[in-house]
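S.K.: Just passing along the structure, written as structure tokens.
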Amino acid sequence: MGNFQLYFEIGFKHIVNIGALDHILFMAAIALRYQFVDFKKLLIIVTAFTLGHAVTLALAIFHVIYLPKNWIEFLIAITIIITSFSNLFVKKFVYKGKFPPIYFFALFFGLIHGMGFATEFVALEGTGFSTALNLLYANIGIEIGQLFFVLIVLILSFICLNILKQNRREYILFTSGAIFGIALEMALLRLPF
Numbered sequence: 009m010g011n012f013q014l015y016f017e018i019g020f021k022h023i024v025n026i027g028a029l030d031h032i033l034f035m036a037a038i039a040l041r042y043q044f045v046d047f048k049k050l051l052i053i054v055t056a057f058t059l060g061h062a063v064t065l066a067l068a069i070f071h072v073i074y075l076p077k078n079w080i081e082f083l084i085a086i087t088i089i090i091t092s093f094s095n096l097f098v099k100k101f102v103y104k105g106k107f108p109p110i111y112f113f114a115l116f117f118g119l120i121h122g123m124g125f126a127t128e129f130v131a132l133e134g135t136g137f138s139t140a141l142n143l144l145y146a147n148i149g150i151e152i153g154q155l156f157f158v159l160i161v162l163i164l165s166f167i168c169l170n171i172l173k174q175n176r177r178e179y180i181l182f183t184s185g186a187i188f189g190i191a192l193e194m195a196l197l198r199l200p201f
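Residue numbers for the sequence shown, in my numbering: 9 to 201.
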């Protein structure tokens, strides 16, 4: 049980800490489109992101793939830019199809974000069966951390939209614009070339 708690906490703190601004901004950009009634859809999106994150984290830890850290950090900022930018152009926030494109974007962007955690994880761990198990524990922590943060975004959105009576479209545009601006600065500061 000690390993579970340790690696769960590592995964959770990877998301829920002030140094995780890139994850926080990405999850906020994703969650802004949704309300509490859409929680099931949001859960699928967050889980798709976590799966993508887990796949590349595992591949990077076991030295199957490698990308220089400066490129990873730059690409992570680009995923935030794309996600927040897409919110600026969504006119209707309901998608009737079975598999909305956002599910695939979350999975793909999770692949990019997963490589960013690999160096931190490898510093704690070697490779092997125990590493695979610890990786599972860390990913459970990551998923719970992301859901925790998404819940905070949903609560803040509820307050802004239902209590303060802000216009939903304007709220999403303003908040997404702020996230876009922060992510753009991050990308410019992280230029790998």
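In this text, a Cβ means the ideal position worked out from N, Cα and C, and glycines have one as well.
Quantities reported herein were computed from a predicted structural model and do not represent experimental measurements.
1) Alpha helix (DSSP H) containing Arg177: first to last residue?
2) In the structure shown, what three-state DSSP assignment does Leu40 receive?
3) How is the alpha helix (DSSP H) around Lys173 delimited, first residue to last?
4) Suppose the cutoff is 6 Å on Cβ atoms and the five residues either side in sequence are ignored; what does the same chain contact list for Gln154 look like?
5) Is Leu33 near Ile190, with beta carbons less than 9 Å apart?
6) Terminal residues of the continuous alpha helix (DSSP H) containing Asn78?
7) Where do the ends of the alpha helix (DSSP H) carrying Tyr111 lie?
8) Are the beta-carbon atoms of Glu17 and Gly149 separated by less than 9 Å?
9) Quick one: give me the first and last residue of the alpha helix (DSSP H) that Val63 is part of.
M.R.: On the basis of the supplied data:
1) For the purposes of this step, residue 177 is taken as residue 169 along the sequence shown, with counting starting at 1. For Arg177, the enclosing alpha helix (DSSP H) covers residues 176-197.
2) In the sequence shown, the residue the question calls residue 40 occupies position 32. Taken through DSSP and simplified to helix, strand or coil, Leu40 comes out as coil.
3) By one-based count along the sequence shown, residue 173 stands at place 165. Per DSSP, Lys173 belongs to no alpha helix (DSSP H) and is neither H nor E.
4) Sequence index remark: in the sequence shown, residue 154 carries index 146 (1-based). Contacts found: Ile23, Met35, Val54.
5) Residue mapping note: residue 33 aligns to position 25 of the sequence shown, counting from 1. Residue mapping note: residue 190 aligns to position 182 of the sequence shown, counting from 1. Yes, these two residues count as a Cβ contact at 9 Å.
6) On the sequence shown, position 70 is the one that residue 78 refers to. First-last of the alpha helix (DSSP H) with Asn78: 77-95.
7) Position 103 of the sequence shown holds residue 111. Counting along the chain, the alpha helix (DSSP H) containing Tyr111 begins and ends at 109-132.
8) Reading the sequence shown from its first residue, position 9 is the one you call residue 17. Reading the sequence shown from its first residue, position 141 is the one you call residue 149. In contact: Glu17 and Gly149 (Cβ atoms closer than 9 Å).
9) Mapped onto the sequence shown, residue 63 falls at position 55. Where Val63 is concerned, the enclosing alpha helix (DSSP H) stretches over 47-69.
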